Structure formats: C-alpha cells, structure tokens
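Shown next, in structure tokens, is the structure this report addresses.
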Amino acid sequence: MPDHLTPEVGSNASHQMSASKLSANRSTSCSGPSSPQNIDFNKLETNLSTNPILMANEFKVYNQKSYPVVYGELVILGYNGGLPQGERGRRKSKYLLYKRPNANGIKKSKHYVVKQPQSTRAIQDKAQHSISYTLSRSQAIISTISRFACRILIERSPPHRARIYAAGFDSSRNIFLGEKATKWQQNGEIDGLTTNGVLIMHPKSKFSNCSPCEAPNPQLGGVWREVSVCGEIYSVRETRSAAQKGTKIDNESNVLTDGTLIDLCGATLLWRSSEGLTTSPTKKHLEEMIDELNAARPQCPVGLNTLVIPRRSGSLSEADKQPYVYLHCGHVQGLHDWGQNRNTNGRTCPMCLDISPVAKLTMGTEPSLYVDTAKPNFAFNPCGHMTSDKTARYWSQVPIPHGTNGFIAICPFCATRTEGFVRLIFQDHVD
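Throughout the sequence shown, residue numbering follows the UniProt record's numbering, covering 1 to 431 in sequence.
Written out as structure tokens, the structure is:
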C-alpha cells in the first residue's frame with residue numbers, strides 16, 4: 001500500500017502554508033476544510049540545517065535512522081526558503097516526503113447511490129474514507145476512495161513513483177464534489193474535477209543540471225493539464241471553474257517527475273525528487289557564492305562605499321551597504337539621490353546614463369528552485385532576487401496560472417509578477 005500525503009487549499013488566507021492550508025498572495029477564490037486527522041505533519045522536517053535531502057546534497061548520505069527512504073520535497077513558490085514569521089508546526093514553506101513506518105495510502109473499493117447523503121453512515125463516520133459526487137440536491141454517489149484533497153500517493157517500493165489526484169473537502173474532512181463541480185460517469189465508474197481544478201505541469205526535459213556550462217534550455221517548461229479525482233489527465237478548461245471538462249489526454253499521466261508544478265488555485269507547488277535534488281545547489285553552496293561576491297568588495301560609484309549582499313531580506317543592519325540594481329542596465333550601486341527624478345520612479349544611472357527604476361538586491365536562498373549551480377549574476381525584474389542565468393531564464397518563461405483563465409511569469413522566490421531579468425554589473429576588485 002502506498003504512502004499518502006494530502007495538501008489542501010485554505011480560504012481567505014494570505015502568505016501562509018501548511019499541509020492543511022496552502023496559500024499564496026495571487027488568489028483566494030478557493031475554499032477548503034479544516035486540517036486532516038491522523039497525520040503528524042510535524043514529522044515533515046523542513047529546517048534547512050537538518051533537512052536530510054540537503055544533507056544528502058552536501059555529504060551524499062541520507063539520515064538513514066530518521067528517514068530511511070526519502071521520496072522528495074514539495075516546495076511552495078514565493079517564500080524563498082522560509083515563512084516570514086518562521087516555520088512553526090505545520091506552517092512551513094516546504095514539506096519533506098519520506099517513507100513511513102506503516103503505509104497509510106488507500107485505494108478504491110466500491111461506490112453506491114444514496115438519496116439523502118448527509119444522513120448516510122459513510123458521510124457521518126469521520127473514520128471512514130469516502131468521496132461524494134452530488135448529482136442533484138437529493139442524490140449523491142459515495143465511493144470509498146479518500147477523505148483528503150489533492151492526494152499524493154507514493155509507491156513504497158522502487159522506483160517510488162508519486163501520483164497526484166484531485167479532490168475537494170467538506171467540513172467532515174470527506175472529499176465532496178458539489179452540484180457545480182464537473183463530474184461524469186463512464187463504464188460504471190464515477191470521476192470528476194474540483195470546482196477550481198488541480199493543475200499540473202511536467203517539465204519537457206530534465207529540470208536541474210549540475211553543470212553551469214551548458215546553454216540554457218528555453219523549452220524546459222511544459223503544458224498545463226488538469227488532473228481528475230481518479231487521476232486522469234485532461235486539457236485545461238476554458239476558465240478555471242467552467243462546467244465543461246477538457247479533452248482527455250491519454251498519453252500523459254499523473255506521475256510526478258522532478259520539476260513538476262502543481263497549482264491548487266491559490267498556491268503553486270514545485271515537486272523535487274530526491275534524485276533531482278542531488279544535482280541542485282545546497283544552502284551552503286549559495287552562501288559561499290554570496291561570500292565570494294562580497295569578497296570582491298563591490299563599491300557604489302557615487303558614495304564610494306563598499307556594498308554587502310545580504311543572505312536574506314532585511315538581514316543587513318547598515319542601510320548604506322545595501323546594494324541596488326538599475327533594472328534596465330544592470331549596474332549595481334548603493335541607494336543615493338543622484339539622478340533621481342522627483343516626478344517619476346526613474347533614476348539616471350551614473351555609469352551609463354540610462355534611466356530606469358531601481359530594486360533592492362536580495363539573494364534567492366531556496367535551493368530547490370534552482371535549475372543549476374552557476375553563480376547568481378542575474379536578478380529578476382522588478383523584485384531584485386538574485387539567481388543564476390539558467391534559473392532566471394527558466395522561471396521567466398514558465399507560465400503560472402493566474403485568475404480564472406490567465407497565466408503569468410513570476411519570481412519563484414517571492415511570487416511577484418516578473419518582467420524578465422537583468423544581468424548584474426558590479427564595480428568590484430577596486431583595490
């Protein structure tokens with residue numbers, strides 16, 4: 001029996017994430033239930049200093065005692081390695097998936113039609129896994145599949161394939177698809193889509209490559225699809241909550257691959273396999289690259305003061321050392337009043353005289369979001385998060401679902417809509 005993990009979407013939440021409530025600042029149109037029972041999410045350790053996947057990257061060994069088999073990680077986009085108020089309990093920015101001592105996955109058994117679903121024993125019993133498809137106000141079909149939303153089932157035996165399934169919640173923690181949710185019956189089997197859909201996008205090729213010398217792959221991103229409650233793959237509906245389902249895609253599956261994106265209409269997650277993470281940079285590697293940039297003593301050409309790239313946003317105590325980037329030309333300087341236009345947001349760069357807005361530079365410190373291990377010589381526009389060339393190119397070209405039927409490119413470290421990226425030009429080695 002497979003292991004079972006169940007992310008859900010919380011309603012009217014902002015910038016918080018847990019296994020029972022995933023949220024982001026892009027959409028709050030979905031609703032979800034309370035936390036699932038009988039799952040100890042506190043065991044899903046995500047502290048960067050003790051994460052066995054990151055330990056495996058640095059030391060090439062797993063913590064076999066605590067985590068005998070590690071499947072991978074689920075990383076929510078927009079938090080750059082940690083929640084603003086810290087990672088506490090089930091509120092985390094990413095989750096480690098590992099082999100449990102005992103399997104808790106479930107599989108389909110039977111279904112039946114009832115006239116009064118709310119008074120049915122299967123619905124009232126919180127200990128029984130069930131899913132309800134409401135066909136009319138007085139009729140529902142109950143099937144013992146699962147009581148969770150966006151279920152992820154992982155095979156306990158190699159190659160540990162992870163499969164994702166759509167779902168929807170009610171207040172009793174049972175999957176419940178209401179009258180407005182798209183559902184159908186074929187060959188005696190019931191299937192359906194959640195009201196706002198669970199979308200996935202598999203990368204076209206290998207997500208990460210440890211070699212920074214290879215040219216960026218502009219075709220890395222794939223096509224967004226929708227997954228059903230039974231795990232079938234369909235083309236995306238015309239709008240997020242349209243009643244008509246898309247075309248079934250028979251040659252694609254719900255098996256997660258390294259780099260698969262999962263959109264839950266309010267939160268977008270990245271699946272990283274344990275094998276894929278071994279080719280990604282570690283937190284220690286990112287910190288060493290920051291130290292290398294700071295060791296070159298980059299200076300501001302106006303204030304003539306040495307700039308220091310902070311490891312995290314807000315961690316720099318001296319404001320005059322904070323570097324800023326001109327988003328058109330890429331020159332890095334300190335914050336000053338030279339060339340500032342009082343009527344617009346533009347500033348004149350003293351190095352090339354180009355007029356552009358400026359942004360505070362902050363390092364992208366979530367290793368799982370990198371597609372290579374190259375130096376962070378680029379920054380997203382307009383947020384200023386530093387990253388490598390290939391990582392900037394990839395995320396600038398990947399469309400993330402936005403609104404009812406739109407797609408936008410975002411910075412993966414802060415979930416801000418990006419307008420591309422800029423190559424950083426430091427005035428360094430001035431000694």
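Using N, Cα and C, we set each Cβ at its ideal position, and we do this for glycine too.
Note that the structure is predicted; figures quoted are calculated from it, not measured.
Is the CB-CB distance between residue i and residue j below 8 Å?
i	j	result
G334	D320	yes
K390	D372	yes
G231	R297	no
V398	G221	yes
C349	C329	yes
W395	C383	no
N80	F413	yes
N196	C150	no
R225	I200	yes
E287	R311	yes
A415	G78	yes
N345	P357	yes
S208	Y370	yes
Return the first residue and the last residue of the alpha helix (DSSP H) that residue i is part of.
i	result
S208	That residue, S208, is in no alpha helix (DSSP H); it is neither H nor E in DSSP.
Determine the DSSP secondary structure at residue i, reduced to helix, strand or coil.
i	result
L424	coil
A374	coil
P36	For P36, the predicted structure reports a pLDDT of 32, less than 50, and the residue's modelled location is therefore unreliable. A value from the coordinates is still provided. The answer is coil: DSSP assigns P36 none of H, G, I, E or B.
T257	coil
K21	Note that K21 has pLDDT 35, beneath the 50 cutoff, so the model's placement of it is unreliable and the number below is only indicative. Coil, per DSSP.
Y326	strand
A103	coil
residue 494	Summary: the structure shown does not reach residue 494, with the chain confined to residues 1 through 431, and so no result is reported for it.
T418	coil
L177	strand
N47	The predicted position of N47 is uncertain, since its pLDDT is 34 and thus under 50; no value can be drawn from it.
W271	strand
P367	helix
R393	helix
F413	coil
Q85	coil
R342	coil
L96	strand
R91	strand
K248	strand
L379	The sequence shown places Ala at residue 379, rather than the Leu named in the question. A379: strand per DSSP, three-state reduction.
T306	strand
D337	coil
On a Cα-Cα basis, can you pick out the residue from the options that is closest to residue i?
i	options	result
D191	V308, S228, V70, C329	S228
V236	T404, T279, N209	T404
W338	T344, G303, V308	G303
P347	P101, G364, V325	A quick correction: the sequence has Arg, not Pro, at residue 347. Answer by Cα proximity: V325.
A242	L424, H285, L199, A181	A181
P367	P401, K204, K284, L97	K284
R100	Y79, P68, R225, L83	P68
I76	A409, Y234, K94	K94
R417	G406, N294, K248	G406
Y71	R312, Q185, A167, S157	S157
L96	T365, D428, L269	L269
S280	A103, Q85, H160, T387	T387
D291	K245, G82, P376	P376
N294	G197, M363, V358	M363
Q186	K248, A415, E87	K248
A103	E87, I408, I152	I152
A167	I154, K183, P159	K183
L327	N305, G246, N381, C352	N381
Starting from residue i, trace the beta strand (DSSP E) both ways and give me its first and last residue.
i	result
E232	Premise fails: E232 is in no beta strand (DSSP E) and is neither H nor E.
M351	From DSSP, M351 is part of no beta strand (DSSP E); its letter is neither H nor E.
G162	As written in the sequence, residue 162 is Ala, which differs from the Gly given in the question. Looking at the DSSP string, the run of the beta strand (DSSP E) that includes A162 is 162-165.
A359	358-360
H385	385-387
G192	189-192
K284	Premise fails: K284 lies in the alpha helix (DSSP H), 283-295, not in any beta strand (DSSP E).
G276	Where G276 is concerned, there is no enclosing beta strand (DSSP E), although the alpha helix (DSSP H) it sits in stretches over 274-277.
V223	Looking at the DSSP string, V223 is not in any beta strand (DSSP E), and its letter there is neither H nor E.
E73	70-76
residue 434	This structure cannot settle anything about residue 434, because the visible part of the chain is limited to 1 through 431.
F407	406-408
I200	198-201
W184	183-186
I400	400-402
Inset, instruction - Inspect the CB distances between the segment 239-258 and the segment 271-288 and report whether three or more fall short of 8 Å. - result: yes
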